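In my numbering, the protein residues as written are 1217 to 1539.
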């Protein structure tokens, strides 16, 4: 990027080795040739627009505000993050609904690999209200998970739970109260640690499949930490099925080869390339010349994205936000 003058301070290219003092209101820009990992979505997302209750509208002065209740597909992040921009829920919804950029505000997040209920709104005040209610613990959530092994359903099953985490079991519901922290920021990996943030979850068996050795369980997150249910279930010895990150098993995904192939092929398809109005043809050519994927092909793709981002396992897990 520096070699091609694509990193700029107040529109002036930065030179490698120069010492530059950044002051207030300075603007740093970079021009990149952007490749985005693929996601798995239906032809049209399942979305319902619902009006807020009249009492809420009147009390908080939210005339005209409504919420979009979405069934988010696994593989799709809720909002732009990391290598994902256009392939995110809010951006896809804006395109489908014919709305302008930054018109949709997510009220909460669920993991990219998780599917299910996601609430958005077109009103920033309504979004903040719902977020506040969730932060204050006034909203109860229910997830359904498919986990490995036989999850306990009675006092006689207590011994099948691990004993190295803090949990309680009343014969029907398992409650785990164990703080969680980020252990590997690059991979997004979390772990239970006394240095982590307070985290509490409850789990209850719904059904056990003895032939395939898995359980369907109801999950009730009391707090809302990232990967909370996934980490707590792993610590209990019942990781979520297909959760490569926390189950320690590999998943053979037929999508990985297709994902890599499509990212390589798109480099040669000029009709699929879009660039900002303020980017010149020279900048576009320079950005492409410094693009790892365009220059290295398959090896560039593999080194630029994680296995999950390439749909190679862990991109979709058996965890669904029900209500």
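Backbone N, C-alpha and C fix where the C-beta goes; we use that ideal spot for every residue, glycine too. It should be emphasised that the depicted structure is a prediction, and the values quoted were computed from it without experimental measurement.
Please determine if the segment 1320-1334 and the segment 1282-1289 are in contact, where contact requires at least 3 C-beta pairs separated by less than 8 Å. The segment 1320-1334 is in contact with the segment 1282-1289.
Given 8 Å as the limit, is there contact between the segment 1259-1269 and the segment 1232-1244, that is, 3 or more CB pairs closer than that? Segments in contact, no.
What number of angstroms, rounded off, separates the C-alpha of residue 1450 from the C-alpha of residue 1284? As a working mapping, residue 1450 is identified with position 234 in the chain shown. As a working mapping, residue 1284 is identified with position 68 in the chain shown. Distance between the alpha carbons of residue 1450 and residue 1284 is about 32 Å.
What's the gap between the Cα of residue 1397 and the Cα of residue 1405? The count along the chain shown starts at 1 and reaches residue 1397 at position 181. The count along the chain shown starts at 1 and reaches residue 1405 at position 189. Taken atom to atom, the span from the alpha-carbon of residue 1397 to that of residue 1405 is near 9 Å.
Does the beta-carbon distance from residue 1454 to residue 1392 come in below 7 Å? Numbered from its first residue, the chain shown carries residue 1454 at position 238. Numbered from its first residue, the chain shown carries residue 1392 at position 176. No. Outside cutoff.
So does the segment 1249-1259 actually touch the segment 1293-1302, counting three or more Cβ pairs closer than 8 Å? With a cut-off of 8 Å on Cβ pairs, the segment 1249-1259 is in contact with the segment 1293-1302, counting three or more such pairs.
Short Cβ contact (7 Å threshold) for residue 1413 with residue 1401: As a position in the chain shown, residue 1413 is number 197, starting the count at 1. As a position in the chain shown, residue 1401 is number 185, starting the count at 1. At the C-beta level, residue 1413 and residue 1401 stay beyond 7 Å of one another.
Would you list, in sequence order, the uninterrupted alpha helix (DSSP H) runs of no fewer than 4 residues that lie entirely inside the segment 1423-1499? Every unbroken stretch of the alpha helix (DSSP H) spanning 4 or more residues and falling wholly within the segment 1423-1499 is given here in chain order: 1444-1451, 1460-1463 and 1471-1481.
State the Cα-Cα distance for the pair residue 1227 and residue 1507, rounded to the nearest angstrom. Translated into positions along the chain shown, residue 1227 becomes position 11. Translated into positions along the chain shown, residue 1507 becomes position 291. Here the alpha carbons of residue 1507 and residue 1227 stand approximately 21 Å from one another.
Starting from residue 1323, trace the alpha helix (DSSP H) both ways and give me its first and last residue. As a first step, residue 1323 is located in the chain shown; it is residue number 107 there, counting from the start. Under the DSSP assignment, residue 1323 falls outside any alpha helix (DSSP H); it carries neither an H nor an E label.
Cutting at 6 Å between CB atoms, please list the residues of its own chain near residue 1313, excluding the five before and the five after it. Here the question's residue 1313 lines up with position 97 in the chain shown. In the same chain as residue 1313, and ignoring 5 residues on each side of it, no C-beta atom comes closer than 6 Å to its own.
Quick check: the Cα distance between residue 1432 and residue 1366, rounded to an integer number of angstroms? The sequence position of residue 1432 within the chain shown is 216, counting from 1. The sequence position of residue 1366 within the chain shown is 150, counting from 1. C-alpha separation (whole angstroms): 9 Å.
Which residue comes first and which comes last in the beta strand (DSSP E) that contains residue 1399? As a position in the chain shown, residue 1399 is number 183, starting the count at 1. Residues 1396-1400.
N-terminal and C-terminal residue of the alpha helix (DSSP H) that residue 1510 is part of: Walking along the chain shown from the start, residue 1510 turns up at place 294. Secondary structure note for residue 1510: its alpha helix (DSSP H) is the uninterrupted segment 1508-1512.
Who are the Cβ neighbours of residue 1475 in its own chain at under 6 Å, not counting the five residues just before and after it? For the purposes of this step, residue 1475 is taken as residue 259 along the chain shown, with counting starting at 1. Cβ neighbours of residue 1475 beyond the five flanking positions: 1254, 1526 and 1527.
Measuring alpha carbon to alpha carbon, tell me which residue in 1408, 1233, 1419 and 1407 is nearest residue 1389. Sequence index remark: in the chain shown, residue 1389 carries index 173 (1-based). Comparing alpha-carbon positions, the option among 1408, 1233, 1419 and 1407 lying closest to residue 1389 turns out to be 1419.
Once the 5 residues before and after residue 1349 are set aside, which same chain residues still bring their CB inside 6 Å of it? Along the chain shown, read from residue 1 onward, the residue named residue 1349 stands at position 133. In chain order, 1355 place their CB closer than 6 Å to the CB of residue 1349, counting only its own chain and leaving out the 5 sequence neighbours on each side.
Residue nearest to residue 1276 in terms of C-alpha spacing, selected from 1293, 1346, 1311 and 1536: Working through the chain shown from its first residue, we reach residue 1276 at position 60. Closest by alpha carbon: 1346.
Residue 1304, enclosing beta strand (DSSP E) - first and last residue: Taking the chain shown and counting its residues from 1, one reaches residue 1304 at position 88. Counting along the chain, residue 1304 falls outside any beta strand (DSSP E), and DSSP gives it neither H nor E.
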